[in-house]
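In our numbering, the protein residues as written are 125 to 452. Virtual Cβ for every residue (Gly too), placed ideally from N, Cα, C. Accompanying notes for the structure given below.
Below, the structure is given as structure tokens:
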């Protein structure tokens, strides 16, 4: 079954980058140390920030990221502290190397989901993008996580150069017992600014079919909607949802497309979340344009196309708008 996942007005999602350091140098990494810092958030600071960001109403979900978050020696304690604070769910995004014996120091009650990044169906394909040994590390990590009772998801980032390999991913993931498959479009930020995005016609021809195939194998598949027909309504997560992208230098963004620029709407100072004055990303969320996402139009104008009169042929959806395909 396929459905568009609506923004949840009472849910709060905290994407917490506990550090920006990583053991890999992926070609399309979105981390930008000049904007995000090079530090590591201490355990004490992480607890303060998570308490501040948890929200007073509704459910708060925490996603712990990096860099490679398992390089943080206190990551298990951070996850446990979040659950003690009442976070509804804790997910750890990892490249699979699982440093500091991470899986031996947490249980599914601390972090329900371990999410692994695999960008190709074979070691040769994946390691070309992510680095030698990364494919085998992920496969091994997935097996170990499943043995310990964790729910496992895999994120695959799609580019114009890799989209033809996407159809080979569902059999691999089903064989490993993966629960959820996230197909992600490449973001033109960080090192990814030189990446080749998949053309609209290729995305629409390939991704829905792969999602259906994966669902037939028992996986739940989530991917960004990316494109809207010209008559479909546009909705912005910045207006209708609570998503916070937190970095070690205290910057807090509402929109991931803005992360290469000092446009963050909030910052954390002295342990408190504070709204920034002046021109920030929040100023753009209220703008309505025929092309859909105004921030995409500003920083990724190549994603749009016009007819002979200059009008848009389609809209670009909010990057946080997802489609979900589930097993029948």
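- Message: Less than 8 Å between the beta carbons of residue 188 and residue 216, yes or no?
- Response: Within the chain shown, residue 188 is the residue found at index 64, counting from 1. Within the chain shown, residue 216 is the residue found at index 92, counting from 1. Contact flag set, yes.
- Query: What do you get for residue 210, buried or exposed, if any count of 16 or more other CB atoms within 10 angstroms of its CB means buried?
  - Reply: Sequence index remark: in the chain shown, residue 210 carries index 86 (1-based). So residue 210 ends up on the exposed side.
- Query: Is residue 298 closer than 8 Å to residue 119 when the C-beta atoms are compared?
  - Reply: In the structure as shown, the chain starts at 125 and stops at 452, and residue 119 therefore has no counterpart that could be examined.
- Message: I need the DSSP call for residue 433, collapsed to helix, strand or coil.
- Response: Taking the first residue of the chain shown as 1, we reach residue 433 at position 309. Residue 433: coil per DSSP, three-state reduction.
- Specify the secondary structure class of residue 229 as computed by DSSP and reduced to three states. Taking the chain shown and counting its residues from 1, one reaches residue 229 at position 105. If DSSP states are grouped into helix, strand and coil, residue 229 belongs with the helices.
- Query: In chain order, which beta strand (DSSP E) runs of at least 3 residues are fully inside the segment 335-407?
  - Reply: Counting whole runs of 3 or more residues, the segment 335-407 contains the beta strand (DSSP E) stretches 344-348, 366-370, 375-377, 390-393 and 396-399.
- Could you give the DSSP three-state label for residue 164: helix, strand or coil? Locating residue 164 in the chain shown gives position 40, where the first residue counts as 1. In this structure, residue 164 counts as strand in the three-state DSSP scheme.
- Query: Helix, strand or coil: which one does DSSP assign to residue 243?
  - Reply: Looking up residue 243 in the chain shown gives position 119. Note: residue 243 maps to coil in three-state DSSP.
- Buried or exposed by the 16-neighbour rule on C-beta atoms within 10 Å, applied to residue 403: Taking the chain shown and counting its residues from 1, the one referred to as residue 403 is at position 279. Exposure of residue 403 is indicated by the presence of fewer than 16 other C-beta atoms within 10 angstroms of its C-beta.
- Item | Cα-Cα separation, residue 323 to residue 452 | As a working mapping, residue 323 is identified with position 199 in the chain shown. As a working mapping, residue 452 is identified with position 328 in the chain shown. Distance between the alpha carbons of residue 323 and residue 452: 29 Å.
- Message: Tell me the residue span of the beta strand (DSSP E) that contains residue 279.
- Response: Residue 279 sits at position 155 when you count from the first residue of the chain shown. In the DSSP annotation of this structure, the continuous segment of the beta strand (DSSP E) that includes residue 279 starts and ends at 275-282.
- Query: Among residues of its own chain, excluding the 5 on either side of residue 373, which ones have a beta-carbon nearer than 7 Å to its beta-carbon?
  - Reply: Mapped onto the chain shown, residue 373 falls at position 249. Closer than 7 Å at the Cβ level, and outside the excluded window around residue 373, lie 160, 161 and 163.
- Task: In angstroms with no decimal places, state the Cα-to-Cα distance between residue 254 and residue 411.
- Result: Taking the first residue of the chain shown as 1, we reach residue 254 at position 130. Taking the first residue of the chain shown as 1, we reach residue 411 at position 287. Inter-residue distance for residue 254 and residue 411 is about 37 Å (C-alpha atoms, whole angstroms).
- Task: Determine contact between the segment 382-394 and the segment 428-444, defined as no fewer than three beta-carbon pairs at a distance below 8 Å.
- Result: Judged by Cβ distances under 8 Å, the segment 382-394 makes no contact with the segment 428-444, as fewer than three pairs qualify.
- Mind checking which residues open and close the alpha helix (DSSP H) that includes residue 204? What you label residue 204 is simply residue 80 of the chain shown in a count that begins at 1. Here the alpha helix (DSSP H) through residue 204 covers 199-208.
- Extent of the continuous alpha helix (DSSP H) to which residue 269 belongs: One-based indexing of the chain shown puts residue 269 at position 145. First-last of the alpha helix (DSSP H) with residue 269: 258-271.
- Sorted by chain position, which residues of the same chain lie with C-beta nearer than 6 Å to residue 138's C-beta, five sequence neighbours on each side aside? Within the chain shown, residue 138 is the residue found at index 14, counting from 1. Within the same chain, Cβ atoms closer than 6 Å to the Cβ of residue 138 are found at 177, 186 and 368, the five residues on either side in sequence being excluded.
- Item | Close beta carbons around residue 250, own chain, < 7 Å, minus the five adjacent residues each side | For this step, residue 250 is matched to residue 126 along the chain shown. For residue 250, same chain residues with a beta-carbon under 7 Å away, outside a window of 5 residues either side, are 242, 243, 244, 258 and 259 in chain order.
- Item | C-alpha gap between residue 365 and residue 358, whole angstroms | The sequence position of residue 365 within the chain shown is 241, counting from 1. The sequence position of residue 358 within the chain shown is 234, counting from 1. A straight-line Cα-Cα distance of about 14 Å links residue 365 and residue 358.
- Item | Check whether residue 268 and residue 296 have beta carbons under 8 Å apart | Taking the chain shown and counting its residues from 1, one reaches residue 268 at position 144. Taking the chain shown and counting its residues from 1, one reaches residue 296 at position 172. Remark: C-beta atoms of residue 268 and residue 296 do not approach each other more closely than 8 Å.
- Is the beta carbon of residue 443 less than 8 Å from the beta carbon of residue 381? Along the chain shown, read from residue 1 onward, the residue named residue 443 stands at position 319. Along the chain shown, read from residue 1 onward, the residue named residue 381 stands at position 257. Taking 8 Å as the Cβ cut-off, residue 443 and residue 381 qualify as a contacting pair.
- In this structure, what does DSSP give as the bridge partners for residue 218? In the chain shown, the residue the question calls residue 218 occupies position 94. DSSP output for residue 218 lists 240 as bridge partner(s).
- Message: Using only CA atoms, which one of 354, 361 and 400 lies nearest to residue 376?
- Response: Here residue 376 refers to the residue found at position 252 of the chain shown. Residue 400 is the option with its Cα nearest to residue 376.
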